[in-house]
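First residue of the sequence shown? That's 28 in this note's numbering, and the numbers climb one at a time after it.
Here is the structure we will look at.
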Amino acid sequence: MLRRIYHIMVKEFIQAVRDPRLRIFLFLPPLIQLIIYGDTINFDIKHIRTGVFDECRTSQSRKFTKRFGATDYFDLDYFPHSPGSVRSLLDRGKVSLILHIPWDFAEKLQASKTAPLQLVIDGTDSNAALIVGRYANAIINNYAAELRNERLGRQGLAEDLGVPIAVEEQTWFNLNRISRFSFVPGVIAMVVMLVSIMLTALAVVREKEIGTMEQLLVAPIKPMEFMLGKTIPFVIISLFDVILVTLVAIFWFGVPFRGNPLVLLLGTLLFLFSSVGVGLFISNVSSTQQQAMMVSSFFFMPAILLSGLVFPIDNMPQVVQYITYLNPLRYFIIVVQDVFLKGVGLDFLWPEMVGMATLGLVLLSSSVIGFRKRLG
């Protein structure tokens, strides 16, 4: 019995390493995933893009804002001068936090009164919003404690000095920071990607595996017509899935839908343009459905981690941030979340639309060229 088991084991090892492509996918993906995951999985948030709306414009207010810029957690990148520019920065996703300093901030501090202060946080990513609020309040509380100690030194303990700074915290787009409002739209994007890539790759590879590819190719049909005929059904299925999961998100989970459905439809079509290209690429490098499944899983997990849904892209190493621009899911996550929660249109989302269209054109063209070469 042991001898029979031994021979079966030897046969399986030989079969596993016989195919050069299979050897690559057995050993290379674990190394690549370890490198990507090791740099990407980080729950600490740093370099938070911050805007400062300083209506006070005094040395006191500048001294206060320097507290934020002196840490690694906040990058003071924008200085809007009007409520409209504040709204634009938040709508475009340029900042995660707006620090609003009212005009009487320094005046009230000098008079030993309670000075108002407002934090406006982008709640599209609920977990990040909680962390941003906690970081900002920690800096403000430290500053307020120093002010209180200065007042105690000047006035003694005879009177109640009150709270030096009163913070008003507002979270836009997701008032109560409900996590499912952020993650359910992201799940919609992942479902679309999984269905379109897996079904497209397996449908083409299945024809190779069962030996019907040659029969189809000798029929009076061009390769492009064959590929369109194989992929369009799955595009339609993916669109149906988007409608289905969107209705479930709205009516079951209560996720607000504030945008235009046509914008979401356009974004979905452009994303499918990219994901179908990935599926065809996988079919080009795979000979069996098993290989197609392995390659799909190798692409799927890094695509999720590098999309910004789980871990903020700004917190990733610079090299990895550049790599995320090659990930179509990065753009579609922004489109879905912004259409649901922000209600913005093409005037704000056109960069993501162009990114998906460009990636789709490159991926689909290269997949078609590679498919034709294999036929030749």
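Backbone N, C-alpha and C fix where the C-beta goes; we use that ideal spot for every residue, glycine too.
Open item on the list: Which of the three DSSP states is assigned to Asp-152 in this structure?
Closed with: coil
Task: Whole-angstrom distance between Gly-256 and Leu-117, CA atom to CA atom - done: 42 Å
TODO: Write down the C-beta distance between Arg-119 and Phe-375 rounded to the nearest angstrom, noting that I regard them as a contact closer than 8 Å.
DONE: 6 Å
Open item on the list: Quick check: the Cα distance between Val-231 and Phe-267, rounded to an integer number of angstroms?
Closed with: Going by the C-alpha atoms only, they are around 21 Å apart.
Task: Simplified DSSP assignment, three categories, for Asp-17 - done: The first residue shown for the chain is 28 and the last is 403, placing residue 17 beyond what the model contains.
Open item on the list: For Val-194, which residues in the same chain have their Cβ closer than 8 Å to its Cβ, ignoring the five residues on either side in sequence?
Closed with: Leu-144, Gln-145, Leu-146, Asn-164, Ile-167
Task: First through last residue of the alpha helix (DSSP H) which encompasses Asp-118 - done: For Asp-118, the enclosing alpha helix (DSSP H) has its first and last residue at 110 to 118.
Task: Three-state secondary structure (DSSP) of Pro-107 - done: coil
TODO: From the DSSP output, in three-state form, read off Ala-193 for me.
DONE: Three-state result, Ala-193: strand.
Open item on the list: Let me confirm a value: Leu-391 is counted as buried when at least 16 other C-beta atoms fall within 10 Å, else exposed. Which label applies?
Closed with: buried
- [ ] Within the same chain, show all residues whose beta-carbon is closer than 6 Å to that of Trp-130, passing over the 5 residues directly before and after it, in chain order.
- [x] Excluding sequence positions up to five before and after Trp-130, its CB lies within less than 6 Å of the CB of Glu-82, Cys-83, all in the same chain and listed in chain order.
Open item on the list: One question on the structure: do Arg-207 and Leu-157 come within less than 8 Å of each other, judged by their Cβ atoms?
Closed with: For the pair Arg-207 and Leu-157, the CB atoms are not nearer than the 8 Å cut-off.
Open item on the list: Taking the alpha-carbon of Gly-78 as reference, which of Lys-140, Phe-106, Val-305, Asn-201 has the nearest alpha-carbon?
Closed with: Phe-106
TODO: Go ahead and label Ala-185 buried or exposed: buried means 16 or more other beta carbons lie within 10 angstroms of its beta carbon, across all protein chains shown.
DONE: Residue confidence for Ala-185 is low, a pLDDT of 46 falling below 50, so the modelled location carries little weight and cannot support an answer.
Open item on the list: Would Ser-430 and Ile-360 be called neighbours here (beta carbons separated by less than 8 Å)?
Closed with: This structure cannot speak to residue 430, because the chain is shown only from 28 to 403.
Task: Any chain B beta carbon closer than 8 Å to Lys-93 - done: Reference to chain B is not applicable here, since this structure consists of a single protein chain.
Task: For Trp-377, three-class secondary structure by DSSP - done: helix
Open item on the list: As a quick exercise: from Val-362, Asn-354, Lys-369, Thr-258, pick the residue whose alpha carbon is nearest that of Thr-385.
Closed with: Asn-354
Task: Contacts around Glu-379, its chain only, beta-carbon distance under 8 Å, and the 5 residues preceding and following it disregarded - done: Gly-294, Tyr-358, Phe-359, Ile-361, Val-362
- [ ] Compare the C-alpha of Met-254 against each of Ile-396, His-74, Phe-80 and name the closest.
- [x] Ile-396
Task: 7 Å CB neighbourhood of Phe-1 in its chain, flanking five on each side removed - done: Since the first and last residues shown for the chain are 28 and 403, residue 1 lies out of range.
Open item on the list: If you measure between the beta carbons of Val-290 and Leu-373, is that distance less than 8 Å?
Closed with: yes
- [ ] Using the Cα positions of Ser-310 and Leu-103, report the straight-line distance between them to the nearest angstrom.
- [x] Rounded to whole angstroms, Ser-310 and Leu-103 show a C-alpha spacing of 46 Å.
Task: Where the alpha helix (DSSP H) containing Ile-22 begins and where it ends - done: Only positions 28 to 403 of the chain appear in this structure, which leaves residue 22 out of reach.
- [ ] With DSSP as the reference, please indicate the residues paired to Phe-101 in a beta bridge.
- [x] Ile-75
- [ ] Would you kindly check if the distance between the Cβ of Ser-323 and the Cβ of Met-225 is under 8 Å?
- [x] Cβ atoms of Met-225 and Ser-323: closer than 8 Å.
TODO: Give every residue of the same chain whose Cβ lies closer than 7 Å to the Cβ of Pro-110, excluding the five residues on either side of it in the sequence, and list them in chain order.
DONE: Here the set comprises nothing.
Open item on the list: Just to confirm my understanding: we take His-127, look at its own chain, exclude 5 residues before and 5 after, and list those with CB closer than 7 Å. What are they?
Closed with: Phe-80, Gln-145, Val-147
- [ ] Look at the alpha carbon of His-108 and the alpha carbon of Gln-348, and state the distance between them as a whole number of angstroms.
- [x] 30 Å
- [ ] State yes or no: is the C-beta of Asp-365 nearer than 7 Å to some heavy atom of the ligand GDP?
- [x] Among the components modelled here there is no ligand, and therefore nothing to report on the ligand GDP.
Task: Asp-365 burial status per 10 Å Cβ neighbour count (16 or more: buried) - done: buried
- [ ] Using 10 angstroms around the beta-carbon of Val-381, count the other beta-carbons present and answer buried if the total reaches 16, otherwise exposed.
- [x] exposed
- [ ] From the DSSP output, in three-state form, read off Thr-198 for me.
- [x] DSSP places Thr-198 in strand when its eight states are reduced to three.
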